[in-house]
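Going letter by letter, the sequence shown gives residues 483 to 647 in my numbering. Below you'll find the structure, written out as C-alpha cells, and then a few comments.
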Amino acid sequence: MSNAKRAMDTYLNGLRNQHAVETQAIGTIQNELPRMEAYPDLHTKMKIDHERSVTQAARLDDLLEKPGSKKSLLKEAVTGAVATVAGFTHAGAGDEVLKNVLAAIGFKAYEISSYKVLIVLAEAAGADDDRSTLEQSMKDEQEMGDWLGSNLPNIVHAYLERKSV
C-alpha cells in the first residue's frame, strides 16, 4: 500500500471517528439540555453548541462523500448508545451541572485535538481543500471550550445560589 493510500485511509477513518464523536455530542447535549434550564446562559450556549454539532456532523458527511466514503453506521449506533448512557450518568446528582460542565470542558479539548489531527491527516492525504472546513469546526469547538472555561466560576456561583434556596 502506498503512503498516499495509507494516508487517505487513515484520514477517512479519522473523519468517520469524528462523525461518531459529533453524533455522541448531539445525543449528550439533547439529554442534558432540559436539566440545564435553571442556568440560562449555559442553556443558551448548549443549544448553540448542539446546532454547531449538527452542522459539524453534516460537514463531516460532506467530506466523507467527496472520495466516495461513508460514515460508519456501527460507530454511529455505538456512540449514540454511549451518549444516552453518558447523558444519564450524572442525572439526579446534586452537583450534576458541575459534573456536566467539567465533562464538557474535557470533551471540548478532545474535539479540538481531533480536528487538529484531521487537519494534519488531510494534508498528508492530499485533501488540502478540506482544511478550511476542519478549521471552522475546530474554531467552533475552541469557542465553546473557551466559553465554558471562562464561565466556570459563574456556573459554580449559580449552582451555589440554587443550593442555598
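All C-beta atoms in this analysis are idealised placements derived from N, C-alpha and C, irrespective of residue type, glycine included.
Sorted by chain position, which residues of the same chain lie with C-beta nearer than 7 Å to residue i's C-beta, five sequence neighbours on each side aside?
i	result
LEU545	LEU497, ASP612, THR615
GLY569	Annotation note: pLDDT 46 at GLY569 (below 50); position unreliable, coordinate value reported separately. Result list for GLY569: GLY509, THR510, ASN513, GLU514, in chain order.
THR492	LEU603
THR566	Model confidence at THR566 stands at a pLDDT of 44, short of 50, so the residue's coordinates are unreliable; what they give is reported in the following sentence. The residues are GLY509, ASN513.
ILE601	ARG613, LEU616, GLU617
ALA586	LEU630
For residue i, which residues in the same chain have their Cβ closer than 8 Å to its Cβ, ignoring the five residues on either side in sequence?
i	result
GLY608	ALA486, ALA489, MET490
TYR597	GLN500, LEU616, GLU617, SER619, MET620, GLU623
ASN636	ASP523
LEU580	ILE637, VAL638, TYR641
ILE594	MET620, GLU623, GLN624, GLY627
Taking residue i as the reference, which of the options has the closest Cα?
i	options	result
SER689	LEU524, SER596, ASN499	Absent from the structure is residue 689, since the part of the chain shown begins at 483 and ends at 647.
ASN499	SER484, GLY576, ALA539, GLU578	ALA539
LEU642	ASP543, THR492, GLU578	GLU578
LYS548	ALA586, LEU494, VAL503	LEU494
GLU533	TYR521, GLU504, ALA520, ARG517	GLU504
HIS501	LEU634, PRO522, THR537, GLU605	THR537
LEU650	GLN506, LYS527, PRO516	With the chain represented from 483 up to 647, any question about residue 650 goes unanswered, as that position is not in the structure.
ASN439	TYR521, MET483, SER646, LYS645	Given a span of 483 to 647 for the chain in the structure shown, any question on residue 439 remains unanswerable.
ALA507	MET518, ASP531, PRO516, SER646	ASP531
ARG644	ASP543, SER595, GLY576, ARG541	GLY576
GLU519	ALA640, VAL647, SER484	ALA640
I need the boundaries of the alpha helix (DSSP H) containing residue i, first residue and last residue.
i	result
ARG541	522-547
LEU600	578-607
GLU612	Reading off the sequence, residue 612 comes out as Asp, not Glu. Segment: none, ASP612 is in no alpha helix (DSSP H) and carries neither H nor E.
LEU497	485-514
Might you give, ordered along the chain, the residues of its own chain that have their beta carbon closer than 6 Å to the beta carbon of residue i, omitting 5 neighbours on each side?
i	result
ALA573	Confidence is the limiting factor: at ALA573 the pLDDT is only 48, short of 50, which leaves the residue's position unreliable and the question unanswerable from this model.
SER535	GLU504, ALA507, ILE508
ALA606	ALA489
Does the count of Cβ pairs from the stretch 625-644 and the stretch 585-602 closer than 8 Å reach three?
-> yes
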